[in-house]
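If you read the sequence shown in numbering that gives the first Met the number 0, its first letter stands for residue 0, the second for the next number, and so on. Let me begin by presenting the structure, written as structure tokens, before commenting on it.
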Amino acid sequence: MHATPRSTTSKTSREASTQARGSCPPRVFDAIARGESFPTALHEAVLGERHVLTMRDFELWYGAKQALWGVSMPIAAGKITALIGPSGCGKSTLLRCVNRLNDLVDGVRIAGDMKLNGDSIYAKGVDVIELRKRIGMVFQKPNPFPMSIHENVVYSLRIDGIRDRNLLEVVCEKSLRSAGLWEEVKDRLKDNALNLSGGQQQRLCIARAIAAEPEVLLLDEPCSALDPIATGRIEELMRELAGHYTILIVTHNMQQASRTSDYTAFMYLGNLIEYGPTSTIFVKPHLRETMDYVTGRFG
0 MHATPRSTTS KTSREASTQA RGSCPPRVFD AIARGESFPT ALHEAVLGER
50 HVLTMRDFEL WYGAKQALWG VSMPIAAGKI TALIGPSGCG KSTLLRCVNR
100 LNDLVDGVRI AGDMKLNGDS IYAKGVDVIE LRKRIGMVFQ KPNPFPMSIH
150 ENVVYSLRID GIRDRNLLEV VCEKSLRSAG LWEEVKDRLK DNALNLSGGQ
200 QQRLCIARAI AAEPEVLLLD EPCSALDPIA TGRIEELMRE LAGHYTILIV
250 THNMQQASRT SDYTAFMYLG NLIEYGPTST IFVKPHLRET MDYVTGRFG
């Protein structure tokens with residue numbers, strides 16, 4: 000994967016778009032269809048937060064196909080930010096860019112930048128393995144490793160060469176407690192993690208991610224494969240983790256986004272349409288297009 004230089008015209012138009020606050024021209028979707036630039040409806044409340052992650056004019060191509068268009072958004076530290084939008088709008092693509100998982104896809108190229116606490120994620124010489132320790136990720140389908148519960152949790156420490164048994168046990172218990180799983184598995188830490196239920200496996204994956212003490216936790220539709228009870232537990236866990244971690248979640252579930260997130264970003268066809276406090280996005284968004292989506296009129 001490599002970065003693509005941006006043209007002055009494109010950069011200027013994207014910079015102008017991020018300066019707009021509170022209003023957008025009518026029929027944003029028509030503008031997108033015509034290939035025209037438009038200002039993202041970026042709410043003032045977003046700007047008042049401390050930001051751990053920032054995206055600036057970020058774009059991505061899969062070969063000749065452009066999937067992300069000039070995305071600029073700051074992510075509030077210690078908060079939950081939800082990415083919503085129809086299937087194929089670029090939510091998961093954007094999420095995977097944050098810890099550079101798209102590096103693994105042939106033909107991918109990017110323009111613009113992302114920064115984690117001021118450090119460019121895409122700068123030359125960035126150690127991607129170390130980056131992924133700072134930015135943990137949990138996927139749509141639970142993916143525990145075929146090893147014991149204990150070894151799943153301490154996997155990142157083992158990779159770092161840590162062999163201190165006491166330290167490993169402390170981290171294992173702390174991470175499982177943080178993931179709300181300790182009481183359910185404390186007497187069977189040597190059992191194969193694949194024997195856990197789907198909901199338990201997903202919480203184990205969260206425990207494994209936070210064992211590395213990341214600054215940001217990415218969740219890609221973490222509840223889509225779970226039943227309502229397991230989903231409720233994951234949502235409770237997210238709220239408990241907020242404040243300790245900055246969480247960015249992709250979800251198709253509007254109720255879940257409304258219940259769990261502090262901020263919501265609405266995407267459409269690779270564009271960031273509107274971004275603001277969840278309480279505003281779901282009740283009184285600036286754009287009609289956003290209201291149409293969150294109320295189920297399309298998508």
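In this text, a Cβ means the ideal position worked out from N, Cα and C, and glycines have one as well. For clarity, every value in this text was computed on a predicted model and none was experimentally measured.
{"Item": "Terminal residues of the beta strand (DSSP E) in which Glu48 lies", "Value": "Unbroken run through Glu48: none, as it is neither H nor E."}
{"Item": "Coarse secondary structure for Arg20, derived from DSSP in three states", "Value": "At Arg20, the pLDDT of 34 sits below 50, so the modelled position is not reliable and the matter cannot be decided from this model."}
{"Item": "In DSSP terms, what Gln201 is bridged to", "Value": "The partner list for Gln201 (beta bridge, DSSP) is empty, contrary to what the question assumes."}
{"Item": "Check whether Met266 and Ile120 have beta carbons under 9 Å apart", "Value": "no"}
{"Item": "Inter-stretch contact (C-beta, 8 Å, three-pair minimum) for the region 58-75 and the region 118-136", "Value": "no"}
{"Item": "Identity of the residues DSSP links to Val125 by a beta bridge", "Value": "In DSSP, Val125 forms no bridge with anything."}
{"Item": "Contacting residues, own chain, Cβ-Cβ under 6 Å from Leu188 (five flanking each side not counted)", "Value": "Ile148 and His149"}
{"Item": "Pick from Trp181, Ile134 and Glu43 that is closest to Val51, judged by C-alpha positions", "Value": "Ile134"}
{"Item": "Own chain residues within Cβ distance below 7 Å of Leu270, not counting five before or after", "Value": "Before going further, note that residue 270 is Asn rather than Leu in the sequence given. Excluding sequence neighbours, Asn270 sits near Ile31 and Trp68."}
{"Item": "Nonlocal neighbours in the same chain, by C-beta distance under 7 Å from Met290, ignoring five residues either side", "Value": "Pro284"}
{"Item": "Length of the line joining the Cα atoms of Leu100 and Arg26", "Value": "34 Å"}
{"Item": "Touching by the beta-carbon criterion (3+ pairs, under 8 Å), the region 156-174 and the region 205-216", "Value": "yes"}
{"Item": "Cβ neighbour criterion (16 or more within 10 Å) applied to Val249", "Value": "buried"}
{"Item": "Residue span of the beta strand (DSSP E) that contains Asp311, given as start and end", "Value": "Any question about residue 311 goes unanswered here, given that the chain covers just 0 to 298."}
{"Item": "Segment contact flag, the region 50-65 with the region 252-264, C-beta cutoff 8 Å, min 3 pairs", "Value": "no"}
{"Item": "Span separating the alpha-carbon of Leu41 from that of Lys185", "Value": "45 Å"}
{"Item": "Beta-carbon proximity check, Gly198 vs Asp219, cutoff 9 Å", "Value": "no"}
{"Item": "Span of the alpha helix (DSSP H) around Asn151", "Value": "Ile148 to Val152"}
{"Item": "For Arg55, the residue or residues it bridges with in DSSP", "Value": "Asp112"}
{"Item": "Assigned secondary structure, Leu41 (DSSP; H/G/I helix, E/B strand, else coil)", "Value": "strand"}
{"Item": "Beta carbon of Leu167 nearer than 9 Å to that of Val153", "Value": "yes"}
{"Item": "The region 85-104 contacting the region 235-250, beta-carbon criterion three pairs below 8 Å", "Value": "yes"}
{"Item": "Asn142 to Leu240 span [Cα, whole Å]", "Value": "20 Å"}
{"Item": "Exposed unless 16 or more other CB atoms sit within 10 angstroms - verdict on Val104", "Value": "exposed"}
{"Item": "Proximity below 9 Å, CB of Arg202 to CB of Arg232", "Value": "yes"}
{"Item": "Local conformation of Leu268 per DSSP, three classes", "Value": "coil"}
{"Item": "Three-state secondary structure (DSSP) of Asn191", "Value": "strand"}
{"Item": "Proximal residues to Gln139 (C-beta, below 8 Å), its chain only, five neighbours per side dropped", "Value": "Asp219, Glu220, Pro221, Ser223 and Ala224"}
{"Item": "For Thr80, the first and last residue of its enclosing beta strand (DSSP E)", "Value": "Ile79 to Ile83"}
{"Item": "Thr263 versus Glu182 - alpha carbon distance", "Value": "33 Å"}
{"Item": "Gly62 burial status per 10 Å Cβ neighbour count (16 or more: buried)", "Value": "exposed"}
{"Item": "Chain-order list of residues whose beta-carbon lies under 8 Å from that of Ala178 (same chain, five-residue window excluded)", "Value": "Arg202, Leu203, Ile205, Ala206, Ile209 and Leu236"}
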